[in-house]
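Heads up, the thing below is written out as structure tokens.
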Amino acid sequence: MKSILKIQATLIGLIFILASCQSKPQEEKPKPLVKHVILIGSDGFGAYAFKKAKVPNLRKLMEAGSYSLNARAVLPSSSAVNWASMIMGSGPELHGYTEWGSKTPELPSRIIGKGQIYPTIFSLIDEQMPEAKKGVSYTWGGIGYLFEKSMVDLDFNGKSDEETKDSALEFIVNEKPALTFIHFTHPDNEGHEIGHDTPEYYEAVEKIDDLIGEIVKTLDEHNLLNDTAIIFTSDHGGIGMGHGGKTLLEVEIPWIVYGKGLSAKGKLNSSIVTYDTAATIAHLLGFKAPDFWRGQPIMEVFNE
2 MKSILKIQAT
12 LIGLIFILAS
22 CQSKPQEEKP
32 KPLVKHVILI
42 GSDGFGAYAF
52 KKAKVPNLRK
62 LMEAGSYSLN
72 ARAVLPSSSA
82 VNWASMIMGS
92 GPELHGYTEW
102 GSKTPELPSR
112 IIGKGQIYPT
122 IFSLIDEQMP
132 EAKKGVSYTW
142 GGIGYLFEKS
152 MVDLDFNGKS
162 DEETKDSALE
172 FIVNEKPALT
182 FIHFTHPDNE
192 GHEIGHDTPE
202 YYEAVEKIDD
212 LIGEIVKTLD
222 EHNLLNDTAI
232 IFTSDHGGIG
242 MGHGGKTLLE
252 VEIPWIVYGK
262 GLSAKGKLNS
272 SIVTYDTAAT
282 IAHLLGFKAP
292 DFWRGQPIME
302 VFNE
């Protein structure tokens, strides 16, 4: 009888061990690398602009951080579809925003979150760190349809990029938010009104660089740079007086990450798509990205 009980106990033990080996290991939540992330997006700022425009402030971030001038927009290379992809961690085939000025998804969103839209990085923060502050300051009104307004502490639609910058900085300095998304409307305006690859277009690019310089200076003055990661990118480039097509001039965008606590990798080799931005922000802040996002954190930024 005792031998039978021993055999049974042994079999139960083996079954338990086998079951443990076959169970899927739980994904560990990443450790937060910074306390604050500032995502700065400049509308229509094609990667090619770095060849002609004088952008000393952006180049300082590139030299002290990590960057790619070969990151890509999703298709079509237009505004709403790409701003949505950037903060929703997925492309239009999942979030459903497919046009330049999409206010609601033309294709039904695959997932609907608590904010009644495809979940953005803001809903992720709201779920995993409810007490954290977060905000959006934007010049183009179309941005206002692409995030969960009920989940942010700042929802400001500026009349100019200067006003947008000022509102964002006041919020950052006073509230110390986990995430602030700043949208600038230039140089897209000049691209449409005068043309891309024109002196006026590059002048607008250089004004954006000045705004970047003011943001970095203010962060430094308030001792926020040590705990902050800055991501600079765009929704698309342009050709002639338009965009939306499949040329590299329209599709290639800059993607720059800077933070004093992050590796200074310089030029990145990774293939980056705009929806990787949300996943990278999540990794920076120590959040687990949802399984339904298609974006991946650009780990090359973090690896020594």
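For the sequence shown, the positions run 2 to 305 when my numbering is used.
The beta-carbon is built from N, C-alpha and C at its ideal position, and this holds for glycine as well.
No experiment lies behind these values; they were computed from the predicted model shown.
Using only the alpha-carbon positions, how far apart do residue i and residue j sit?
{"i": "H223", "j": "N175", "result": "10 angstroms"}
{"i": "G92", "j": "V82", "result": "8 angstroms"}
{"i": "D181", "j": "H193", "result": "The amino acid occupying residue 181 in the given sequence is Thr; Asp does not appear at that position. Whole-angstrom Cα-Cα distance: 27 angstroms."}
{"i": "S110", "j": "L220", "result": "37 angstroms"}
{"i": "S138", "j": "L226", "result": "20 angstroms"}
{"i": "P298", "j": "V258", "result": "12 angstroms"}
{"i": "F233", "j": "T281", "result": "12 angstroms"}
{"i": "A265", "j": "E64", "result": "7 angstroms"}
{"i": "T121", "j": "K289", "result": "13 angstroms"}
{"i": "K247", "j": "E253", "result": "10 angstroms"}
{"i": "I216", "j": "P106", "result": "33 angstroms"}
{"i": "E132", "j": "A85", "result": "24 angstroms"}
{"i": "L285", "j": "L249", "result": "29 angstroms"}
{"i": "K177", "j": "K218", "result": "16 angstroms"}
{"i": "V302", "j": "A279", "result": "14 angstroms"}
{"i": "P255", "j": "S69", "result": "6 angstroms"}
{"i": "D292", "j": "D228", "result": "28 angstroms"}
{"i": "D127", "j": "T199", "result": "42 angstroms"}
On a CA-only basis, which of the options is nearest residue i? Give me that one, please.
{"i": "I88", "options": "L147, P31 and A205", "result": "L147"}
{"i": "H96", "options": "M300, N304, E301 and G296", "result": "G296"}
{"i": "G260", "options": "A72, K268, M300 and A230", "result": "A230"}
{"i": "L212", "options": "D44, L34, N58 and P106", "result": "N58"}
{"i": "K104", "options": "S69, G145, L70 and Y68", "result": "G145"}
{"i": "I273", "options": "R60, V56, S67 and D44", "result": "S67"}
{"i": "K268", "options": "H37, K61 and K30", "result": "K61"}
Indicate the three-state DSSP secondary structure (helix, strand or coil) for residue i in the structure shown.
{"i": "A290", "result": "coil"}
{"i": "W141", "result": "coil"}
{"i": "L62", "result": "helix"}
{"i": "K104", "result": "coil"}
{"i": "T121", "result": "coil"}
{"i": "S24", "result": "In this prediction, S24 scores a pLDDT of 41, lower than 50, which makes its location untrustworthy; the coordinate-derived value is nonetheless stated afterwards. S24: coil per DSSP, three-state reduction."}
{"i": "L225", "result": "coil"}
{"i": "G71", "result": "Here residue 71 turns out to be Asn, not Gly, going by the sequence shown. DSSP places N71 in strand when its eight states are reduced to three."}
{"i": "S79", "result": "coil"}
{"i": "L220", "result": "helix"}
{"i": "H37", "result": "strand"}
{"i": "V153", "result": "coil"}
{"i": "I231", "result": "strand"}
{"i": "I240", "result": "strand"}
Quick one: what's got a C-beta closer than 8 angstroms to residue i's C-beta in the same chain, skipping five residues either side?
{"i": "E251", "result": "G47, A74, S78, H237, G238, G239, I240, H244 and G245"}
{"i": "K32", "result": "G287"}
{"i": "D154", "result": "K134, K135, G136, F172, E176 and P178"}
{"i": "D210", "result": "A54, K55, V56, P57, N58 and L59"}
Within its chain, find whatever has a CB closer than 7 angstroms to the CB of residue i; leave out the 5 residues flanking it on each side and keep chain order.
{"i": "K115", "result": "S124"}
{"i": "E201", "result": "E191 and I195"}
{"i": "T186", "result": "D44, T140, W141 and D162"}
Spatial neighbours of residue i within its chain, please: CB distance less than 6 angstroms, with the 5 preceding and 5 following residues excluded, ordered by chain position.
{"i": "V206", "result": "A50, A54 and P188"}
{"i": "A169", "result": "S138, T181 and I183"}
Which partner residues does residue i have in the DSSP bridge list?
{"i": "D210", "result": "DSSP, once it has assigned bridges, lists no residue as partnering D210."}
{"i": "N158", "result": "Y139"}
{"i": "E253", "result": "R73"}
{"i": "S86", "result": "The partner list for S86 (beta bridge, DSSP) is empty, contrary to what the question assumes."}
{"i": "K266", "result": "Looking at the DSSP assignment, K266 forms no beta bridge with any residue, so it has no partner."}
{"i": "V56", "result": "Bridge partners of V56: none, in fact."}
{"i": "Y259", "result": "I231"}
{"i": "L180", "result": "V38 and K135"}
{"i": "F185", "result": "S43"}
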